[in-house]
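Residue numbers for the sequence shown follow the working numbering, so the first one is 9 and each next one is one higher.
Just so you know, even glycine gets a beta-carbon here, dropped at the ideal spot from N, CA and C.
Each remark here refers to the structure printed beneath this line.
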Amino acid sequence: MQIDGTMGEKKGRSKNHRSGFVALIGRPNVGKSTLLNHILGQKIAIMSDKPQTTRNRIQGIYTTEKEQVVFLDTPGIHKPKSRLGDYMVKVARNTFAEVDVILLLVDAKEGLGQGDRFIMELLKDVKTPVFLVVNKIDQVHPDQLLPFIDQYRTLYPFSEVIPISALQGNNTETLMKVVVEKLPEGPAFYSSEFVTDHPERFIVGELVREKVLHLTREEIPHSVAVHVEEMAKEEDDTVYVRATIYTERSSQKGILIGKQGSMLKEVGRRAREDIQRLLGSRVYLDLWVKVKKDWRNEDFMLRSLGYEEES
(Lines of atoms letter the chains of each structure in order from A; the text may use other names.)
(Lines give C-alpha, C1' and ligand atoms only; values in the text may rest on other atoms or scores of the structure.)
Protein backbone atom coordinates (compact mmCIF):
# COMPACT_ATOMS: atom_id res chain seq x y z
CA MET A 9 0.00 0.00 0.00
CA GLN A 10 1.25 3.48 -0.87
CA ILE A 11 0.40 6.41 1.37
CA ASP A 12 1.82 9.53 -0.17
CA GLY A 13 1.76 10.22 -3.88
CA THR A 14 2.44 12.93 -6.37
CA MET A 15 -0.36 14.55 -8.27
CA GLY A 16 0.21 14.41 -11.99
CA GLU A 17 -1.25 16.55 -14.74
CA LYS A 18 -4.44 15.35 -16.31
CA LYS A 19 -3.63 14.92 -19.97
CA GLY A 20 -6.12 14.42 -22.74
CA ARG A 21 -9.41 12.52 -22.31
CA SER A 22 -9.97 8.88 -21.48
CA LYS A 23 -13.11 7.43 -22.98
CA ASN A 24 -15.36 5.71 -20.44
CA HIS A 25 -13.01 6.57 -17.56
CA ARG A 26 -14.14 9.22 -15.05
CA SER A 27 -12.15 11.08 -12.47
CA GLY A 28 -12.71 14.05 -10.22
CA PHE A 29 -12.75 15.60 -6.76
CA VAL A 30 -15.49 15.23 -4.14
CA ALA A 31 -15.79 17.23 -0.91
CA LEU A 32 -17.22 15.75 2.28
CA ILE A 33 -18.68 18.56 4.39
CA GLY A 34 -21.00 18.82 7.37
CA ARG A 35 -21.26 19.61 11.03
CA PRO A 36 -18.75 17.99 13.38
CA ASN A 37 -19.39 14.34 14.20
CA VAL A 38 -21.79 13.50 11.34
CA GLY A 39 -19.63 10.61 10.07
CA LYS A 40 -17.49 12.09 7.28
CA SER A 41 -14.33 10.23 8.30
CA THR A 42 -16.28 7.02 8.88
CA LEU A 43 -17.69 7.21 5.34
CA LEU A 44 -14.28 7.93 3.82
CA ASN A 45 -12.63 5.01 5.62
CA HIS A 46 -15.47 2.67 4.59
CA ILE A 47 -15.20 3.62 0.91
CA LEU A 48 -11.42 3.23 0.90
CA GLY A 49 -11.52 -0.01 2.87
CA GLN A 50 -8.86 1.19 5.33
CA LYS A 51 -8.32 3.87 7.91
CA ILE A 52 -6.71 7.11 6.77
CA ALA A 53 -8.96 9.50 8.72
CA ILE A 54 -9.36 9.14 12.46
CA MET A 55 -12.76 8.49 13.99
CA SER A 56 -14.16 9.56 17.34
CA ASP A 57 -17.50 10.41 18.92
CA LYS A 58 -16.06 13.78 19.91
CA PRO A 59 -16.69 16.81 17.63
CA GLN A 60 -13.99 18.47 15.53
CA THR A 61 -11.96 15.28 15.23
CA THR A 62 -10.74 16.13 11.70
CA ARG A 63 -8.49 19.20 11.69
CA ASN A 64 -6.78 18.94 8.31
CA ARG A 65 -8.26 18.27 4.89
CA ILE A 66 -7.73 14.53 4.43
CA GLN A 67 -7.34 13.49 0.79
CA GLY A 68 -8.47 9.92 0.18
CA ILE A 69 -8.20 8.32 -3.26
CA TYR A 70 -10.64 5.65 -4.49
CA THR A 71 -9.52 3.97 -7.73
CA THR A 72 -10.96 1.26 -9.96
CA GLU A 73 -10.38 0.43 -13.63
CA LYS A 74 -13.20 2.79 -14.64
CA GLU A 75 -12.99 5.67 -12.18
CA GLN A 76 -10.91 7.60 -9.70
CA VAL A 77 -12.60 9.64 -6.98
CA VAL A 78 -10.42 11.93 -4.90
CA PHE A 79 -12.18 12.73 -1.61
CA LEU A 80 -11.49 15.79 0.50
CA ASP A 81 -12.67 15.09 4.05
CA THR A 82 -12.91 18.57 5.52
CA PRO A 83 -13.02 19.62 9.17
CA GLY A 84 -16.55 19.92 10.55
CA ILE A 85 -17.92 23.41 9.93
CA HIS A 86 -18.64 25.13 13.24
CA LYS A 87 -18.46 28.52 14.92
CA PRO A 88 -14.72 28.92 15.64
CA LYS A 89 -13.44 29.81 19.12
CA SER A 90 -9.69 29.88 18.42
CA ARG A 91 -7.18 30.45 15.62
CA LEU A 92 -7.20 26.69 15.09
CA GLY A 93 -11.00 26.83 14.75
CA ASP A 94 -10.69 29.66 12.21
CA TYR A 95 -8.24 27.54 10.22
CA MET A 96 -10.55 24.51 10.25
CA VAL A 97 -13.56 26.44 8.95
CA LYS A 98 -11.48 28.20 6.28
CA VAL A 99 -10.17 24.84 5.04
CA ALA A 100 -13.73 23.54 4.67
CA ARG A 101 -15.03 26.67 2.89
CA ASN A 102 -12.09 26.87 0.47
CA THR A 103 -12.86 23.33 -0.68
CA PHE A 104 -16.19 24.33 -2.27
CA ALA A 105 -14.64 25.84 -5.41
CA GLU A 106 -12.08 23.06 -5.92
CA VAL A 107 -14.32 20.04 -6.46
CA ASP A 108 -16.75 18.46 -8.93
CA VAL A 109 -19.29 17.29 -6.34
CA ILE A 110 -20.05 18.32 -2.74
CA LEU A 111 -21.52 15.79 -0.29
CA LEU A 112 -23.28 17.44 2.65
CA LEU A 113 -23.53 14.80 5.36
CA VAL A 114 -26.24 15.21 7.97
CA ASP A 115 -27.13 13.11 10.99
CA ALA A 116 -30.55 11.43 10.68
CA LYS A 117 -30.91 11.05 14.43
CA GLU A 118 -29.95 14.63 15.30
CA GLY A 119 -32.38 16.52 13.07
CA LEU A 120 -32.02 19.88 11.33
CA GLY A 121 -29.89 22.23 13.41
CA GLN A 122 -28.47 25.74 13.23
CA GLY A 123 -25.16 24.29 12.06
CA ASP A 124 -26.83 22.74 9.01
CA ARG A 125 -28.62 26.02 8.24
CA PHE A 126 -25.30 27.86 8.48
CA ILE A 127 -23.64 25.45 6.03
CA MET A 128 -26.50 25.67 3.53
CA GLU A 129 -26.26 29.45 3.69
CA LEU A 130 -22.54 29.16 2.82
CA LEU A 131 -23.49 26.97 -0.15
CA LYS A 132 -26.15 29.31 -1.60
CA ASP A 133 -23.89 30.77 -4.32
CA VAL A 134 -22.01 27.53 -5.07
CA LYS A 135 -22.43 26.23 -8.64
CA THR A 136 -21.04 22.76 -7.85
CA PRO A 137 -23.67 19.96 -7.54
CA VAL A 138 -24.49 19.36 -3.86
CA PHE A 139 -25.80 16.00 -2.63
CA LEU A 140 -27.65 15.65 0.66
CA VAL A 141 -26.28 12.48 2.26
CA VAL A 142 -28.42 11.45 5.22
CA ASN A 143 -26.18 9.37 7.45
CA LYS A 144 -26.93 7.04 10.40
CA ILE A 145 -30.22 5.77 8.92
CA ASP A 146 -29.67 2.55 10.87
CA GLN A 147 -30.39 4.52 14.05
CA VAL A 148 -33.84 5.90 13.10
CA HIS A 149 -37.23 4.48 12.03
CA PRO A 150 -37.75 4.55 8.22
CA ASP A 151 -40.96 6.58 8.68
CA GLN A 152 -38.88 9.46 10.06
CA LEU A 153 -36.71 9.82 6.95
CA LEU A 154 -39.09 11.52 4.47
CA PRO A 155 -40.16 14.33 6.85
CA PHE A 156 -36.50 14.77 7.81
CA ILE A 157 -35.41 15.07 4.16
CA ASP A 158 -38.27 17.48 3.32
CA GLN A 159 -36.96 19.91 5.94
CA TYR A 160 -33.64 20.16 4.13
CA ARG A 161 -35.15 20.28 0.64
CA THR A 162 -37.15 23.38 1.51
CA LEU A 163 -33.89 25.17 2.35
CA TYR A 164 -31.60 24.10 -0.53
CA PRO A 165 -32.01 22.69 -4.08
CA PHE A 166 -29.95 19.50 -3.69
CA SER A 167 -28.97 17.65 -6.87
CA GLU A 168 -29.45 14.28 -5.15
CA VAL A 169 -30.65 12.98 -1.78
CA ILE A 170 -29.14 9.67 -0.66
CA PRO A 171 -29.75 8.01 2.74
CA ILE A 172 -26.86 5.87 4.01
CA SER A 173 -25.24 4.29 7.03
CA ALA A 174 -21.51 4.94 6.80
CA LEU A 175 -20.81 2.64 9.74
CA GLN A 176 -22.83 -0.30 8.38
CA GLY A 177 -22.15 0.44 4.70
CA ASN A 178 -25.86 0.65 3.85
CA ASN A 179 -26.48 2.24 0.42
CA THR A 180 -22.89 3.45 0.05
CA GLU A 181 -22.56 1.61 -3.28
CA THR A 182 -25.51 3.62 -4.62
CA LEU A 183 -23.91 6.81 -3.36
CA MET A 184 -20.66 6.03 -5.18
CA LYS A 185 -22.49 5.14 -8.40
CA VAL A 186 -24.33 8.48 -8.45
CA VAL A 187 -21.19 10.42 -7.53
CA VAL A 188 -19.18 8.86 -10.36
CA GLU A 189 -21.94 9.72 -12.86
CA LYS A 190 -21.38 13.41 -12.04
CA LEU A 191 -17.63 13.31 -12.64
CA PRO A 192 -16.10 14.34 -15.97
CA GLU A 193 -14.49 11.84 -18.30
CA GLY A 194 -10.72 11.78 -18.06
CA PRO A 195 -7.68 9.84 -16.87
CA ALA A 196 -6.67 9.32 -13.24
CA PHE A 197 -4.86 12.00 -11.27
CA TYR A 198 -2.92 9.50 -9.15
CA SER A 199 -1.36 6.09 -9.66
CA SER A 200 -3.69 3.28 -8.64
CA GLU A 201 -1.62 2.23 -5.62
CA PHE A 202 -2.09 5.52 -3.77
CA VAL A 203 -4.86 5.86 -1.16
CA THR A 204 -3.95 9.30 0.19
CA ASP A 205 -1.58 12.16 -0.58
CA HIS A 206 -0.69 12.60 3.09
CA PRO A 207 2.75 11.40 4.20
CA GLU A 208 2.98 8.44 6.55
CA ARG A 209 4.10 10.72 9.39
CA PHE A 210 0.82 12.61 9.25
CA ILE A 211 -1.28 9.44 9.39
CA VAL A 212 0.84 8.05 12.24
CA GLY A 213 0.36 11.26 14.24
CA GLU A 214 -3.37 11.16 13.63
CA LEU A 215 -3.57 7.55 14.84
CA VAL A 216 -1.90 8.58 18.10
CA ARG A 217 -4.30 11.52 18.48
CA GLU A 218 -7.26 9.22 17.85
CA LYS A 219 -6.31 7.08 20.86
CA VAL A 220 -6.09 10.18 23.04
CA LEU A 221 -9.61 11.13 21.90
CA HIS A 222 -10.90 7.66 22.76
CA LEU A 223 -9.30 7.49 26.19
CA THR A 224 -9.76 11.03 27.58
CA ARG A 225 -12.70 13.28 28.36
CA GLU A 226 -13.82 16.88 28.65
CA GLU A 227 -11.23 19.48 27.66
CA ILE A 228 -8.35 17.10 26.89
CA PRO A 229 -9.27 16.08 23.30
CA HIS A 230 -9.53 19.68 22.06
CA SER A 231 -6.27 20.68 23.72
CA VAL A 232 -4.12 17.96 22.17
CA ALA A 233 -1.93 17.92 19.06
CA VAL A 234 0.57 15.26 17.99
CA HIS A 235 3.83 15.91 16.16
CA VAL A 236 5.86 12.97 14.84
CA GLU A 237 9.47 14.02 15.43
CA GLU A 238 11.20 10.99 13.93
CA MET A 239 10.46 7.85 11.90
CA ALA A 240 13.29 5.50 11.00
CA LYS A 241 13.65 1.83 10.06
CA GLU A 242 16.09 -0.09 12.23
CA GLU A 243 18.40 -2.91 11.06
CA ASP A 244 15.89 -5.56 12.16
CA ASP A 245 13.15 -3.80 10.08
CA THR A 246 11.45 -2.43 13.18
CA VAL A 247 10.19 1.12 12.59
CA TYR A 248 11.17 3.54 15.35
CA VAL A 249 8.62 6.34 15.84
CA ARG A 250 9.16 9.23 18.25
CA ALA A 251 6.16 11.51 18.72
CA THR A 252 5.31 14.40 21.02
CA ILE A 253 1.80 14.95 22.36
CA TYR A 254 1.28 18.65 23.03
CA THR A 255 -1.26 19.91 25.50
CA GLU A 256 -2.00 23.33 26.99
CA ARG A 257 -1.75 22.87 30.77
CA SER A 258 0.33 20.91 33.27
CA SER A 259 -2.83 19.36 34.72
CA GLN A 260 -3.68 17.98 31.27
CA LYS A 261 -0.16 16.59 30.95
CA GLY A 262 -0.67 14.73 34.22
CA ILE A 263 -3.92 13.21 32.97
CA LEU A 264 -2.32 12.14 29.69
CA ILE A 265 0.59 10.46 31.45
CA GLY A 266 -1.61 8.89 34.13
CA LYS A 267 -0.66 7.13 37.35
CA GLN A 268 2.77 5.57 36.88
CA GLY A 269 2.46 6.31 33.16
CA SER A 270 -0.62 4.09 32.72
CA MET A 271 -2.57 6.40 30.38
CA LEU A 272 0.39 7.10 28.10
CA LYS A 273 1.20 3.38 27.95
CA GLU A 274 -2.37 2.57 26.90
CA VAL A 275 -2.38 5.31 24.26
CA GLY A 276 0.90 3.90 22.95
CA ARG A 277 -0.30 0.29 22.98
CA ARG A 278 -3.45 1.03 21.00
CA ALA A 279 -1.73 3.40 18.57
CA ARG A 280 1.11 0.96 17.94
CA GLU A 281 -1.35 -1.75 16.83
CA ASP A 282 -2.89 0.55 14.20
CA ILE A 283 0.49 1.91 13.07
CA GLN A 284 1.83 -1.62 12.58
CA ARG A 285 -1.18 -2.45 10.40
CA LEU A 286 -0.60 0.75 8.43
CA LEU A 287 3.12 0.21 7.88
CA GLY A 288 3.19 -3.57 7.73
CA SER A 289 6.16 -3.64 10.12
CA ARG A 290 6.89 -4.00 13.82
CA VAL A 291 6.85 -0.57 15.48
CA TYR A 292 8.63 0.85 18.51
CA LEU A 293 6.54 3.87 19.54
CA ASP A 294 8.26 6.41 21.79
CA LEU A 295 5.71 8.91 23.14
CA TRP A 296 6.40 12.13 25.04
CA VAL A 297 4.01 14.72 26.50
CA LYS A 298 4.87 18.43 26.52
CA VAL A 299 2.99 21.53 27.65
CA LYS A 300 2.63 24.42 25.21
CA LYS A 301 0.29 27.00 26.69
CA ASP A 302 -2.49 28.22 24.36
CA TRP A 303 -0.91 26.54 21.32
CA ARG A 304 -4.23 26.67 19.44
CA ASN A 305 -3.88 30.45 19.12
CA GLU A 306 -0.20 30.60 18.14
CA ASP A 307 0.48 30.91 14.40
CA PHE A 308 3.99 29.46 14.64
CA MET A 309 2.78 26.42 16.58
CA LEU A 310 -0.11 25.83 14.20
CA ARG A 311 2.22 25.93 11.20
CA SER A 312 4.75 23.61 12.83
CA LEU A 313 1.96 21.10 13.49
CA GLY A 314 0.87 21.13 9.86
CA TYR A 315 -2.07 23.52 10.03
CA GLU A 316 -0.99 25.68 7.11
CA GLU A 317 -2.73 28.98 6.45
CA GLU A 318 -5.31 28.73 3.67
CA SER A 319 -5.39 31.53 1.10
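- For residue 180, the three-state secondary structure derived from DSSP is helix.
- Under the three-state reduction of DSSP, residue 252 is assigned to strand.
- Distances from the alpha-carbon of residue 141 to those of 260, 278 and 31 put 31 closest.
- When secondary structure is reduced to three states using DSSP, residue 238 falls in the strand class.
- Distance between residue 194 and residue 131, taken at the CA atoms: about 27 Å.
- Look at residue 231 here: in three-state DSSP terms it is helix.
- In terms of CA proximity to residue 150, 171 leads the group 161, 171, 236 and 199.
- Within the same chain, Cβ atoms closer than 7 Å to the Cβ of residue 298 are found at 252 and 254, the five residues on either side in sequence being excluded.
- Unbroken alpha helix (DSSP H) stretches of 4 residues or longer found wholly inside the region 121-162: 122-130 and 153-161, given in chain order.
- The region 163-170 makes no contact with the region 39-51: fewer than 3 CB pairs, one atom from each, lie closer than 8 Å.
- Excluding five sequence positions before and after residue 75, the CB atoms of its chain that fall closer than 6 Å to its own CB belong to 26 and 188, given in chain order.
- Counting only runs of at least 4 residues, the region 196-230 fully encloses the following alpha helix (DSSP H) elements, listed from N- to C-terminal order: 208-223.
- Residue 108 and residue 272 have their C-alpha atoms some 42 Å from each other.
- With fewer than 16 neighbouring CB atoms inside 10 Å of its own CB, residue 154 falls in the exposed class.
- Distance from the Cα of residue 67 is smallest, within the candidate group 38, 36, 35 and 106, for 106.
- When rounded, the separation of the alpha-carbon atoms in residue 135 and residue 42 is 27 Å.
- Non-local beta-carbon contacts of residue 240 in its own chain, meaning distances under 6 Å to residues more than five positions away in sequence, involve 248 in chain order.
- Taking the Cβ atoms as the reference, residue 178 lies roughly 6 Å from residue 145, within the contact range of under 8 Å.
- Contact between residue 293 and residue 276 holds: CB atoms are separated by about 5 Å, below the 8 Å threshold.
- When C-alpha distances from residue 73 are compared across 120, 124 and 196, the shortest belongs to 196.
- Cα atoms of residue 232 and residue 217: separation of roughly 7 Å, rounded to the nearest angstrom.
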